[in-house]
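Q:
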Amino acid sequence: MLKRTLLGALATTVALGFTFAAAQADAANERFKQVLERGKLVVGVKADYKPWGFRDPSGKLVGMEIDMAQDVADALGVELELVPVQSSNRMQFLEQGKIDLMIATMSDKANRRKIVGVPQPNYYTSGTNLLAKAGAVKAWAELKGKPVCGKQGAFYNKVVAKRYGAKIVAFVGNAEAKQALRDGKCIGWVYDDSSIMADLASGDWADYEMPLNTEDDTPWALAVPVAELGGVWGNFMSGMTYNWHASGRLIELEKKWGIQPTQYLADMHERMKAYEAQ
Amino acid sequence: MLDLLTPFFRRLYDETGWNFVIFYEQYEWDRFVAAIWVSLELIVASLFFSLVVGIVGAWLQGSPIRAVRLFMSGYIQFFRNTPPYVQLLFFFFVLGNFTPKVDMGGYYEPMITSFGWAVISLSFFAGAFNVEIFRAGIEAVPESTREAAESLGYSRLMAYVYVILPLAFRVCLPSLNNNLVNLLKTTTQAYAIAVPEMLYTLNQVWSDNVNVPEMMIILFVYYVGLVAVLVWGMHRWERKMKIPGYG
Numbered sequence: 652m653l654k655r656t657l658l659g660a661l662a663t664t665v666a667l668g669f670t671f672a673a674a675q676a677d678a679a680n681e682r683f684k685q686v687l688e689r690g691k692l693v694v695g696v697k698a699d700y701k702p703w704g705f706r707d708p709s710g711k712l713v714g715m716e717i718d719m720a721q722d723v724a725d726a727l728g729v730e731l732e733l734v735p736v737q738s739s740n741r742m743q744f745l746e747q748g749k750i751d752l753m754i755a756t757m758s759d760k761a762n763r764r765k766i767v768g769v770p771q772p773n774y775y776t777s778g779t780n781l782l783a784k785a786g787a788v789k790a791w792a793e794l795k796g797k798p799v800c801g802k803q804g805a806f807y808n809k810v811v812a813k814r815y816g817a818k819i820v821a822f823v824g825n826a827e828a829k830q831a832l833r834d835g836k837c838i839g840w841v842y843d844d845s846s847i848m849a850d851l852a853s854g855d856w857a858d859y860e861m862p863l864n865t866e867d868d869t870p871w872a873l874a875v876p877v878a879e880l881g882g883v884w885g886n887f888m889s890g891m892t893y894n895w896h897a898s899g900r901l902i903e904l905e906k907k908w909g910i911q912p913t914q915y916l917a918d919m920h921e922r923m924k925a926y927e928a929q
Numbered sequence: 222m223l224d225l226l227t228p229f230f231r232r233l234y235d236e237t238g239w240n241f242v243i244f245y246e247q248y249e250w251d252r253f254v255a256a257i258w259v260s261l262e263l264i265v266a267s268l269f270f271s272l273v274v275g276i277v278g279a280w281l282q283g284s285p286i287r288a289v290r291l292f293m294s295g296y297i298q299f300f301r302n303t304p305p306y307v308q309l310l311f312f313f314f315v316l317g318n319f320t321p322k323v324d325m326g327g328y329y330e331p332m333i334t335s336f337g338w339a340v341i342s343l344s345f346f347a348g349a350f351n352v353e354i355f356r357a358g359i360e361a362v363p364e365s366t367r368e369a370a371e372s373l374g375y376s377r378l379m380a381y382v383y384v385i386l387p388l389a390f391r392v393c394l395p396s397l398n399n400n401l402v403n404l405l406k407t408t409t410q411a412y413a414i415a416v417p418e419m420l421y422t423l424n425q426v427w428s429d430n431v432n433v434p435e436m437m438i439i440l441f442v443y444y445v446g447l448v449a450v451l452v453w454g455m456h457r458w459e460r461k462m463k464i465p466g467y468g
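Protein sequences, first through last, are from chains B and U. Per my numbering, residue 652 is the first one in the first sequence, and the count goes up by one each step. Per my numbering, residue 222 is the first one in the second sequence, and the count goes up by one each step.
Following this line, the structure appears as structure tokens:
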């Protein structure tokens, strides 16, 4: 009896496995075909990460990544629909087919590549930097023994504490950490440089600056469904990104949205241009 | 100490994936040990000052001066009716800006640190409950005992210290015990104002090492142990102070 049950279970598993494999082969270009058929591209973007993706006073989603999404839709000749996503759910939205493409300030990490497809090259990088009162800090080494505000759980906290001997004072949220900085409870706020740039661009931090060299640069990844990475969709997005770099479009957008120019975009532009000149 | 633990916990991680990183990596171990000290200091200081607040407050509550009694009830209302978490944030972010501080070039060294604010806030919070607990004890002391003390020539303060409080203490120890256990556990909320106690530290450890379940277990074991020690001590004290035929 037991043996028969086990065999039955095994057979079902094998059958399911075959169905799954077949579905996967079909899926290689399914989403891409869908996009063309429905004449609409659905892109997941940030709505709270100025100036990459945020809402303008009329409530419309705007920003650098929204412009990139528009470029993709234009190249495909389809309409664009934007869906706001959170850092915590963006990969699930893509997995579940709620969005066709995700451009949402996501760091490119090995464990994420198992869940979503990341076409190369990357379109941006960000790293660790410091928001501090103008003139207060000039080098990372100056942080030794001084209180530096941070957010609880951020991986930079340990890095900065270990590498430079800073005394990390970490708060539950960014709002509290930034308030502590404003109150002078710490010499600076250690965080992602793209987010700090966004704060500086918002105009609320007039006497403050980002005085240090960015460390531990991590590339940002846009993402397609993992099954379509090797298909038309993944290759198409690789081409889009290549052309964005080669034509200088990303540098242009960076300027448009008031983002401090990044070395990565300048380098990539040079490399792609040199490659084309050959 | 760490040398003894390292081989076992490293093997545990390699073979089972249970990552008790604080027991085999020097940096995390140091953080863990520092957190033990900070949390113990925080607990001892808060327990002590909350008792002081309770004893003094209960005496003031029985004051013949109306303004003092009003002040006391205002204090109790304020601290009993607001969450301790909100109090911590309020003390640190609002009152913290009005206390003297030293300019260190780029930042200020405050006279009262976040640890100091945690002790103040938690002591006053638990103190408000202690006042009420002591009041219950005091009211349990028979009026005739109070009058007897008075007729022996005790002043109000002396009668409180030598006659009423010792009797009241015995009555209110069980509920005091409860409140102090609660206070011990509430000290973890000091993580909100960046006091590097146990919860704050382990939170950072599990964020850096992605080992939430393991550090959660450590956290539970740590506080279960601390509360057990406190309750054991309080019960011993209770038994020792027992007067046969009273209470």
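C-beta atoms are modelled at their ideal positions from N, C-alpha and C, and glycine is treated no differently. These numbers come from a predicted model, not from an experiment.
#1: Please report whether the beta-carbon of U:N240 lies at a distance below 7 Å from any beta-carbon of chain B.
#2: Please state the DSSP three-state secondary structure of U:C393.
#3: Grab me the residues of U:F312's own chain with a C-beta within less than 7 Å of its C-beta, minus the 5 sequence neighbours each way, in chain order.
#4: Under the three-state reduction of DSSP, which class applies to B:I766: helix, strand or coil?
#5: Going by DSSP, name the residue or residues bridged to B:F705.
#6: For the candidate residues B:K701, B:D751, B:W791 and B:G695, whose alpha-carbon lies nearest to that of B:V686?
#7: With a cut-off of 8 Å on the beta carbons, I'd call B:G885 and B:P770 a contact; round off their distance for me.
#8: Of the residues B:S846, B:A874, B:A817 and B:W840, which one's Cα is nearest the Cα of B:E746?
#9: Strictly below 7 Å CB to CB, what residues from chain U border B:P862?
#10: For U:D194, decide whether its Cβ has a neighbour in chain B, counting only Cβ atoms nearer than 7 Å.
#11: So B:E921 is in the alpha helix (DSSP H); what residue range does that whole segment cover?
#12: Using beta carbons (cut-off 7 Å, strictly below), is B:A792 in contact with chain U?
#13: If you measure from the beta carbon of B:D718 to each beta carbon in chain U, is any gap under 7 Å?
#14: Name the residue from U:W280, U:F269, U:T408 and U:F270 whose alpha carbon lies nearest to the alpha carbon of U:R377.
#15: On the CB-based measure, 16 or more other CB atoms within 10 Å of its CB, does B:S845 come out buried or exposed?
#16: At what residues does the alpha helix (DSSP H) containing B:M891 begin and finish?
#17: Within a Cβ cutoff of 8 Å, which residues of the same chain sit near U:M462, ignoring the five residues on either side of it in sequence?
#18: Express the C-alpha separation of B:A831 and B:Y859 in angstroms, rounding to a whole number.
#19: Grab me the residues of B:L798's own chain with a C-beta within less than 6 Å of its C-beta, minus the 5 sequence neighbours each way, in chain order.
#20: So that I know if they touch, is there some Cβ in chain B lying closer than 7 Å to that of U:N432?
#21: Anything in the stretch 312-346 of chain U with a Cβ closer than 9 Å to a Cβ of chain B? List those residues in chain order, please.
#22: Could you name the residues of chain B that U:Q308 contacts, counting a contact when the two beta carbons are closer than 8 Å?
#23: Quick check: what's the CA-CA separation for B:P772 versus B:K907?
#24: State the CB to CB distance for the pair U:L405 and U:V448, rounded to an integer number of angstroms; the pair is presumed to be in contact (CB under 8 Å).
#25: Per DSSP, which residues does B:A792 bridge with? Please list them.
#26: Relative to the C-alpha of U:I439, which candidate in U:W239, U:T227, U:V274 and U:R231 has its C-alpha closest?
#27: Beta-carbon within less than 6 Å of U:I333's beta-carbon, same chain only, minus the 5 sequence neighbours each way: which residues are those?
#28: Look at the alpha carbon of U:Y443 and the alpha carbon of U:W458, and state the distance between them as a whole number of angstroms.
#29: Taking a cut of 8 Å between CB atoms, which residues from the stretch 893-908 of chain B lie near chain U?
#30: So, do the stretch 771-785 of chain B and the stretch 900-915 of chain B have three or more beta carbon pairs nearer to each other than 8 Å?
#31: Using only the alpha-carbon positions, how far apart do B:T756 and U:M455 sit?
#32: What does the Cβ neighbour count give for U:I464, buried or exposed, with the cut at 16 atoms within 10 Å?
#33: What's the call for U:M293, buried or exposed, on a 16-neighbour Cβ count within 10 Å?
#34: With contact counted as at least three CB pairs below 8 Å, one residue from each stretch, are the stretch 756-765 of chain B and the stretch 688-705 of chain B in contact?
#35: Please name the residue, chosen from B:A872, B:A857, B:L733 and B:N864, that lies closest to B:D713 on a Cα-to-Cα basis.
#36: At a CB-CB cut-off below 9 Å, which residues of chain B make contact with U:Y245?
A: The relevant details are as follows:
#1: no
#2: helix
#3: W338, I341 and S342
#4: coil
#5: B:D699 and B:V713
#6: The alpha carbon of B:V686 has as its nearest neighbour, out of B:K701, B:D751, B:W791 and B:G695, the alpha carbon of B:D751.
#7: 5 Å
#8: B:A874
#9: Under the 7 Å cutoff, chain U gives no residues; its nearest Cβ is about 11 Å from B:P862.
#10: Any property of residue 194 of chain U remains undetermined from this structure, which presents chain U solely from 222 to 468.
#11: First-last of the alpha helix (DSSP H) with B:E921: Q914 to A928.
#12: no
#13: no
#14: U:W280
#15: Under a 10 Å Cβ-count criterion, B:S845 is classified as buried, with 16 or more other Cβ atoms of the shown protein chains found around its own Cβ.
#16: V883 to S898
#17: Setting aside the 5 residues that flank it on each side, U:M462 is surrounded in the same chain by F390, R391 and L394, each with a C-beta closer than 8 Å to its C-beta; the list follows chain order.
#18: Between the alpha carbons of B:Y859 and B:A831 lies a gap of roughly 14 Å.
#19: The question names Leu, yet the displayed sequence has Pro at residue 798 of chain B. Correct list, in chain order: K818, V820 and C837.
#20: Using beta-carbon distances, U:N432 does not count as an interface residue toward chain B, since no partner is under 7 Å.
#21: F313, F314, G317, N318, K322, D324, M325, G326, G327, Y328, Y329, E330, P331 and S335
#22: The contacting residues do not exist; U:Q308 stays about 15 Å from chain B at best.
#23: Those two C-alpha atoms are separated by around 22 Å.
#24: 6 Å
#25: DSSP, once it has assigned bridges, lists no residue as partnering B:A792.
#26: Distance from the Cα of U:I439 is smallest, within the candidate group U:W239, U:T227, U:V274 and U:R231, for U:W239.
#27: T320
#28: 23 Å
#29: none
#30: yes
#31: Per the coordinates, the alpha-carbon of B:T756 lies some 54 Å from the alpha-carbon of U:M455.
#32: exposed
#33: Its Cβ being crowded by 16 or more others within 10 Å, U:M293 is buried.
#34: yes
#35: Going by the sequence as given, residue 713 of chain B is Val instead of Asp. Per the Cα distances, B:L733.
#36: None at all; the shortest Cβ gap to chain B is about 16 Å.
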